[in-house]
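Trainee:
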Amino acid sequence: MPRPLQPEALMTFLAVARLGRYTAAAEVLGLNHSTVSRRIAALEAAMGGRTLVRTSGGWEVTPLGRRAMAAAESIEESLRALGTDTGGDPVQGMVRIAAPEAFTSAFLVPAVSRLHRDHPTLAVELLAATQRVRQNRSGVDLEIVVGRPQVHRAYATPVCDYSLRLYASADYLERRGLPTAIDELSRHPLIYYVESSLQVDDLDRAAQRLPASPPSIRSTSVFAHVEATAAGAGVGVLPDFLADRDERLVPVLREAYAHPLSYWAVVRDGPRTTAVAATLEALHAHVRSVGAA
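According to the working numbering, the sequence shown is numbered sequentially starting from 3.
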């Protein structure tokens, strides 16, 4: 006799299908890993086959799993509609977002803070990550990446444009002189990412346009770049939306160098949940409000 299909197993599967990891689903649902595993096993026993298959990038949904996902989303939507009809807030649960540091501080934190004020039952987790888009589900609902992503089975939308430009402190320029041409930068330490740690081709190309640097301070943190530049350690290659508003910094070779970039948002399977869709809309609204769109 086939085992009966349990609703909690179906909804647990939906969390794993969206996040790609048992551990991430367990955190969102307030469960432990073994409970998630047991519920997925029960679902597969009831459906008579595999709903998820392990890949190098996490768990991916099988054709049978897509049937289960459609059923789970239908239940989810019905529960959401019932909550709305009875005065409940449809924007609730947890949204996990991976984004670069600079974007998080300048755009993401203000956007989700306002969203949370309007929807206090919504939990948001922000994970610092400056890397290329993941090809598989990765334990997050929303990814912010630098450059137009090339990814399958995902919804991608542009968020805003910006440029990397050159900056220095007034003290540094007084000591070392103001460069008047790009080739003169070969005499100045350039403050930027650790080359071996860069995972984003567009960020790597920004440094390739500049001459080789004398020994300098390099870091995986953009805020370390800003602070080292402000402290007079050299010429920083910095996002203009951060550096232009920092009174400690002076633009260098403004007309000669700018490396244009863009931020994109990536959502697996489209912004299906109300919470993810609301987060994405809040982000776009904030970017428009500050004139960065």
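Every residue gets a Cβ at the ideal spot worked out from N, C-alpha and C, and that includes glycine.
Could you round the C-beta distance between His227 and Leu240 to whole angstroms and report it? I think they count as a contact, below 8 Å.
Mentor: His227 to Leu240, Cβ: 6 Å. Contact.
Trainee: For Asp206, I'd like the list of residues in its chain whose CB is within less than 7 Å of its CB, leaving aside the five on either flank, ordered along the chain.
Mentor: Cβ within range, chain order: Leu200.
Trainee: Please state if the CB of Ile77 and the CB of Pro151 are separated by a distance shorter than 8 Å.
Mentor: No, the Cβ-Cβ distance between Pro151 and Ile77 is not below 8 Å.
Trainee: Assign Gly236 to one of two classes, buried (16 or more other C-beta atoms within 10 Å of its C-beta) or exposed (fewer than that).
Mentor: When all chains shown are included, Gly236 counts as buried.
Trainee: Quick test of your reading: Leu129 and Leu285, contact by CB under 8 Å. State the CB separation rounded to the nearest angstrom.
Mentor: Leu129 to Leu285, Cβ: 15 Å. No contact.
Trainee: Taking only the alpha-carbon atoms, compute the straight-line gap between Glu46 and Leu54 and give it to the nearest angstrom.
Mentor: Spanning the two alpha carbons is a distance of roughly 9 Å.
Trainee: Pick helix, strand or coil for Glu261, following the three-state DSSP scheme.
Mentor: The residue asked about is misnamed: residue 261 is His in this sequence, not Glu. Correct three-state label for His261: strand.
Trainee: For Gly95, name the three-state secondary structure that DSSP assigns.
Mentor: Gly95: strand per DSSP, three-state reduction.
Trainee: Specify, as a first and last residue, the run of the alpha helix (DSSP H) that Tyr24 falls within.
Mentor: Unbroken alpha helix (DSSP H) run through Tyr24: 24-31.
Trainee: Bridge partners for Gly238 per DSSP, in chain order?
Mentor: In DSSP, Gly238 forms a bridge with Tyr169, Ile193.
Trainee: Assuming Ile146 and Tyr24 form a contact by the criterion Cβ under 8 Å, report the distance between their Cβ atoms to the nearest whole angstrom.
Mentor: Contact flag wrong, Cβ pair sits at about 24 Å.
Trainee: By the 10 Å Cβ neighbour count, where 16 or more other Cβ atoms means buried, how is Ser188 classified, buried or exposed?
Mentor: Per the 10 Å Cβ criterion, exposed.
Trainee: Nearest CA to the CA of Arg68: which residue from Val161, Leu81, Gln133, Leu12?
Mentor: The option with the nearest alpha carbon to Arg68 is Leu12.
Trainee: If you follow the alpha helix (DSSP H) that Ala208 is part of, which residue opens it and which one closes it?
Mentor: 203-210 is the span of the alpha helix (DSSP H), which, as asked, contains Ala208.
Trainee: Between which residues of its own chain and Val196 is the CB-CB distance below 6 Å, once the five residues before and five after are set aside?
Mentor: Counting only Cβ-Cβ distances below 6 Å, and skipping sequence neighbours, we find Arg220, Thr222.
Trainee: Give every residue of the same chain whose Cβ lies closer than 8 Å to the Cβ of Ala125, excluding the five residues on either side of it in the sequence, and list them in chain order.
Mentor: Excluding residues within five positions, the ones whose Cβ falls inside 8 Å are Gly95, Met96, Val97.
Trainee: Report all residues from its chain with a CB closer than 6 Å to the CB of Ala113; omit the five preceding and five following residues, and keep chain order.
Mentor: Once the five neighbours on either side are set aside, the close Cβ partners of Ala113 are Ala284, Leu285, His288.
Trainee: On a Cα-Cα basis, can you pick out the residue from Val38, Ala232, Glu186 that is closest to Asp173?
Mentor: Nearest C-alpha to Asp173: Ala232.
Trainee: Pull up the DSSP beta-bridge partners for Ala108, would you.
Mentor: DSSP output for Ala108 lists no bridge partner at all.
Trainee: To which residues does DSSP link Tyr164 through a beta bridge?
Mentor: Bridge partners of Tyr164: Leu263.
Trainee: What does a CB cutoff of less than 7 Å around Ala277 pick up in its chain, not counting 5 residues either side in sequence?
Mentor: Same-chain partners within the cutoff: Val93, Gln94, Gly95, Val97, Leu124.
Trainee: Determine whether the beta carbon atoms of Arg167 and Pro102 lie at a separation below 8 Å.
Mentor: No. Outside cutoff.
Trainee: So which of Arg177, Val153, Ala108 has the shortest CA-CA distance to Asp248?
Mentor: Minimum Cα distance to Asp248 is reached at Ala108.
Trainee: Please identify the residue among Tyr169, Ala279, Phe243 whose C-alpha is closest to the C-alpha of Arg256.
Mentor: Residue Tyr169 is the option with its Cα nearest to Arg256.
Trainee: Can you list, in chain order, the residues of its chain whose CB lies under 6 Å from that of Ala156, leaving out five sequence neighbours each side?
Mentor: Result list for Ala156: Val268, Arg270, in chain order.
Trainee: Throw me the rounded Cβ distance for the Val142 and Ala100 pair, which I believe falls under 8 Å.
Mentor: With a Cβ gap of about 5 Å, Val142 and Ala100 count as contacting.
Trainee: Between Leu192 and chain C, is the shortest Cβ-Cβ distance under 8 Å, so that the two count as touching?
Mentor: The chain labelled as chain C is not found in the depicted structure, where only one protein chain is given.
Trainee: Look up Thr300 in the DSSP assignment and say whether it is helix, strand or coil.
Mentor: This structure does not reach residue 300, given that the chain is present from 3 up to 295, and the question cannot be answered.
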